[in-house]
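Asker: Submitted below is the structure of interest, expressed as structure tokens.
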Amino acid sequence: MTSGSGTRQCVSCGRAIAFDANVCQYCGHDYRAGAPGSAPAKKKTALPMVGGILIIIAGILELITGVSLIAGGSALIDFGDFLGLSDILVICGVIWAIVGLVALLGGFFAIKRQHFGLAVLGGILGLGGYFIVALIGLILIAISREEFE
């Protein structure tokens, strides 16, 4: 991409600069390796993906528990519930299912390496499903904080 002998075009502003220039005199783009203006490439590991999968597993378990509680409460209504236990089971089941859905969402964000806060929230809410699985996933996500956008 040279525009003449001994010159090249700046990749940032497009103006002609000296071929051996380290910094563009017009826009200040720095061509030196490791310069403060140049960002090093992010190293990607498998930690967010593994953590996200573990949180998704915990979220699925929470979702199954929530649906089971809803079904159990609904079954009690059919048999005549005099203590109000069916309503409590249904409400707890709905809450547990919602928490499981948020954990699933957090796991997906962790796999995509986006929205670190939501990935952590999903991991925290996943702790109610299968504690050790969600805890390991949460730790893996916290360790790989730099990989998130």
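Position 12 of the sequence shown, counted from 1, bears residue number 12 in my numbering, the numbering being contiguous throughout. Positions of the beta carbon are idealized from the N, C-alpha and C atoms, including for glycine. The structure displayed is predicted, hence computed values, not measured ones.
1. Provide the residue span of the alpha helix (DSSP H) that contains residue 21, from first to last.
2. For the beta strand (DSSP E) containing residue 9, list its first residue and its last residue.
3. If you count every other CB in all the chains shown that lies within 10 Å of the CB of residue 6, and 16 or more means buried, which is it?
4. Determine the extent of the alpha helix (DSSP H) in which residue 44 is found, giving its start and end residues.
5. I'd like to confirm the pairing. Which residues does DSSP put opposite residue 16 in its beta bridges?
6. Less than 8 Å between the beta carbons of residue 106 and residue 121, yes or no?
7. Using a threshold of 8 Å, state whether the C-beta atoms of residue 8 and residue 26 are closer than that.
8. In or out: residue 45 buried (at least 16 other Cβ within 10 Å) or exposed?
9. Let me confirm a value: residue 10 is counted as buried when at least 16 other C-beta atoms fall within 10 Å, else exposed. Which label applies?
10. Residue 141 and residue 123 look like a contact to me (Cβ under 8 Å); what is the Cβ gap, rounded to whole Å?
11. Quick check: what's the CA-CA separation for residue 102 versus residue 73?
Answerer: With the structure as the only source:
1. From DSSP, residue 21 is part of no alpha helix (DSSP H); its letter is neither H nor E.
2. 7–9
3. exposed
4. Careful: residue 44 lies outside any alpha helix (DSSP H) and carries neither H nor E.
5. 9
6. yes
7. no
8. exposed
9. buried
10. 6 Å
11. 22 Å
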